[in-house]
Amino acid sequence: MNLTSAIETFNESSQPQIELRPGRDGRVTASLPRVGREILVEGSQFKEEVKVTASDVAWLAEEARRASAPGLALLEAALGALGELDEGNS
Numbered sequence: 000m001n002l003t004s005a006i007e008t009f010n011e012s013s014q015p016q017i018e019l020r021p022g023r024d025g026r027v028t029a030s031l032p033r034v035g036r037e038i039l040v041e042g043s044q045f046k047e048e049v050k051v052t053a054s055d056v057a058w059l060a061e062e063a064r065r066a067s068a069p070g071l072a073l074l075e076a077a078l079g080a081l082g083e084l085d086e087g088n089s
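The sequence shown maps to residues 0 to 89 in numbering that gives the first Met the number 0.
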């Protein structure tokens, strides 16, 4: 699941943009301007317990929904990520 590239594509056609912030351990967080939240979009490379959760993806989907037309591809990516998370928990 690569939410970071989906967000970068989304940012090309949307204002306000989602701010991505990479961390030293490989994690990437995103600041969602429409919902006023910060979420994890890529987990840590060194700490297995730091990973994207269903809640993170649900907030990203809500951000995309509020963005309207430019958010459709991002919404698709978020829904795909939810499916992958669900499969990983089975």
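Even for Gly, the Cβ is constructed at its ideal location relative to N, Cα and C.
Item	Value
Backbone CA spacing between Ser43 and Gly25 [nearest angstrom]	5 Å
Buried versus exposed call for Asp85 [16 or more other C-beta atoms within 10 Å across all chains shown]	exposed
Unbroken stretches of the alpha helix (DSSP H), 4 residues or longer, contained in the stretch 26-78	53-66
C-beta atoms of Glu41 and Thr3 nearer than 7 Å	yes
Neighbourhood of Val30 by C-beta distance below 6 Å, restricted to the same chain and skipping five residues each side	Per the sequence presented here, residue 30 reads as Ser, with Val not at that position. Once the five neighbours on either side are set aside, the close Cβ partners of Ser30 are Glu18, Glu37.
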